[in-house]
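**Q**
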Amino acid sequence: MTRSVWLNREHERAHARDDATVVFPCRFAVGSVLPGAFAAGSFERLFRENYPAIRELLNRHREAGLALVVVRKDGLEASAWLAAKEGEINPCIIGRHSSADVFLPSDPSLSLRHLAVILYRREEERPVRFRVLDLRTATAFADEEGNRLEAVEAQGPLMLQCASFAILLFPSGGSNEPWPEDPDVAWRRIPERVYLERECADPARWLAPGGGARRAVPQAIEAGDRNRTLVDSFPGPIFVPWVLEGSGRARGEIVVSSSAGRVSLPLSVSAARQGVLLGRYERCDTAGLPVLSSWALSRVHLLMIELDGALYAVDTASKNGSWLEAGSVRAARVEPGLRLMLARHATVEWRSFH
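So the sequence shown is residues 732 to 1085, counted in this note's numbering.
1) Just mark G806 as buried or exposed, buried being the case when its beta carbon has 16 or more other beta carbons within 10 Å.
2) Please identify the residue among P783, G967, E743 whose C-alpha is closest to the C-alpha of S837.
3) Note the first and the last residue of the continuous beta strand (DSSP E) segment covering P902.
4) Looking at the unbroken alpha helix (DSSP H) that takes in P783, where does it start and where does it end?
5) Take the Cβ of F861 as the centre, count every other Cβ of all protein chains shown within 10 Å, and call the residue buried at 16 or more, exposed below.
6) Examine the Cβ distances between the region 1002-1020 and the region 904-923 and report whether three or more of them are shorter than 8 Å.
7) Hey, out of V1031, A1027, S1025, W1026, whose CA is closest to D1016's CA?
8) What does the Cβ neighbour count give for L900, buried or exposed, with the cut at 16 atoms within 10 Å?
9) Taking 8 Å as the threshold, find out whether the region 828-836 comes into contact with the region 787-798 through three or more Cβ pairs.
10) Taking the alpha-carbon positions, what's the V804 to L777 distance?
11) Just grab the DSSP bridge partners of F769 for me.
12) Closest by CA to L835, which one among R1064, D749, S1059, T868?
13) Using the three-state DSSP reduction, which class does D1016 fall into: helix, strand or coil?
14) Whose CA, out of G1010, S1025, R959, lies closest to the CA of A991?
15) Can the beta-carbon of V1065 be found less than 7 Å from the beta-carbon of W1054?
16) What are the start and end residues of each continuous beta strand (DSSP E) run of 3 or more residues lying completely inside the region 777-852, in chain order?
17) If we count Cβ pairs, one from each stretch, closer than 8 Å, do we get three or more for the region 906-913 versus the region 885-895?
18) Over the uninterrupted beta strand (DSSP E) stretch that includes Q892, give me the two end residues.
19) I'd like the list of long-range same chain contacts for A1074, defined as Cβ closer than 6 Å, with 5 residues on each side in sequence excluded.
20) Between the alpha carbons of D1046 and E1037, how many angstroms are there, rounded?
21) Tell me, to the nearest whole angstrom, how far the beta carbon of L789 is from that of S903; I am working on the premise that it is less than 8 Å.
22) Can you give the Cα-Cα distance for I820 and R734, rounded to whole angstroms?
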């Protein structure tokens, strides 16, 4: 899974303490605007001010992939490019933990592992698709209007706000035409962002395990007009109760084992699409369970999610990694019989019911 990352604060990684996130009181209604949202026109201004770096990144990577640029009001913070390969996914974890792919230590309101950006590509599809998921944090992320969201999927350029950062996402490989020198011309080249359906974040539901299992999920978007970025918005990772109630037929179960015991986590079709989190932190489905209580495991260690009909296990930049027999992995397609080791302490298996 090819990637290239440039970080303005890379030298701070070695000395990062990875302290707990500063969690501010969060009592916002559904549809509320993210506190500290950028003013109208801020994304255009940030794009123009940082366009030389954006242009260099996009013109250097012409093959199919995703360019990601993180900026603050005072300048460029980080940039990354992810390659798109058929039959594979390429994840990128954004957060304040030193093991995150995009390490952003300067804002304590950002969670240690805050966002997952997952790039995937259908056979010969252009442009590529990508999904941005909040890892069940207190504040989620926001669109250009400041509306808080949990997860989005898009096929074209997209601009988001997370904590004090603006995240600019540009799929590459869809055109052989280089990006122009003039930022005015470049800005006009970016298509309008059109939401097929907007599902705003509601942190209150995260306090009630299983509360999101019955929410409807919009259908996946189809290839659209090049003059529009179609954005599919839906709930992010949900708590999956050990006994699902009214959330649809389970498609299988996640079996987690360690020296402390063995547990089974039934997974419905809707929960698989939204994703579930494994780890020892309170925002994970396995929080407090002895089977994953070892300090060798990260607080948020693994995301299991369905993409384009296939189930994947994504290591969320854990400190001690996720392992198959061949070595450590960042992402693996989950098939019956696959045994994934978490920090060489616990095993995760998938058992399909049909």
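Beta carbons are placed, not taken as given, at the ideal position from N, Cα and C, and that holds for glycine.
**A** From the atom records:
1) By the 10 Å Cβ count, G806 comes out exposed.
2) Nearest C-alpha to S837: E743.
3) Note, P902: beta strand (DSSP E), 896-903.
4) Looking at the DSSP string, the run of the alpha helix (DSSP H) that includes P783 is 782-791.
5) Buried: at least 16 other Cβ atoms inside 10 Å.
6) Touching, no, given that fewer than three Cβ pairs across the two stretches are closer than 8 Å.
7) Comparing Cα positions, the closest option is V1031.
8) Its Cβ being crowded by 16 or more others within 10 Å, L900 is buried.
9) As far as the Cβ criterion goes, the region 828-836 does not touch the region 787-798, which means the pair count is below three.
10) The displayed chain sequence assigns Lys, not Val, to residue 804. Each residue's alpha carbon lies about 7 Å from the other.
11) In DSSP, F769 forms no bridge with anything.
12) Between L835 and the set R1064, D749, S1059, T868, the nearest pair of CA atoms involves D749.
13) Three-state result, D1016: coil.
14) A check of alpha carbon separations from A991 across G1010, S1025, R959 identifies S1025 as the nearest.
15) Between V1065 and W1054, the gap from beta carbon to beta carbon reaches 7 Å or more.
16) Entirely contained in the region 777-852, the beta strand (DSSP E) runs reaching 3 residues are, in chain order, 796-803, 806-814, 820-826, 846-851.
17) Flag = no, the region 906-913 and the region 885-895 do not touch.
18) In the DSSP assignment, Q892 falls within the unbroken beta strand (DSSP E) covering 889-893.
19) The beta carbon of A1074 sits closer than 6 Å to the beta carbons of A1027, L1028, N1051 from its chain, once the five residues preceding and following it are set aside; these are given in chain order.
20) Cα to Cα, the separation comes out at about 14 Å.
21) A Cβ-Cβ distance of about 6 Å is found for the pair L789 and S903, placing them in contact under the 8 Å criterion.
22) I820 and R734: Cα-Cα distance of roughly 12 Å.
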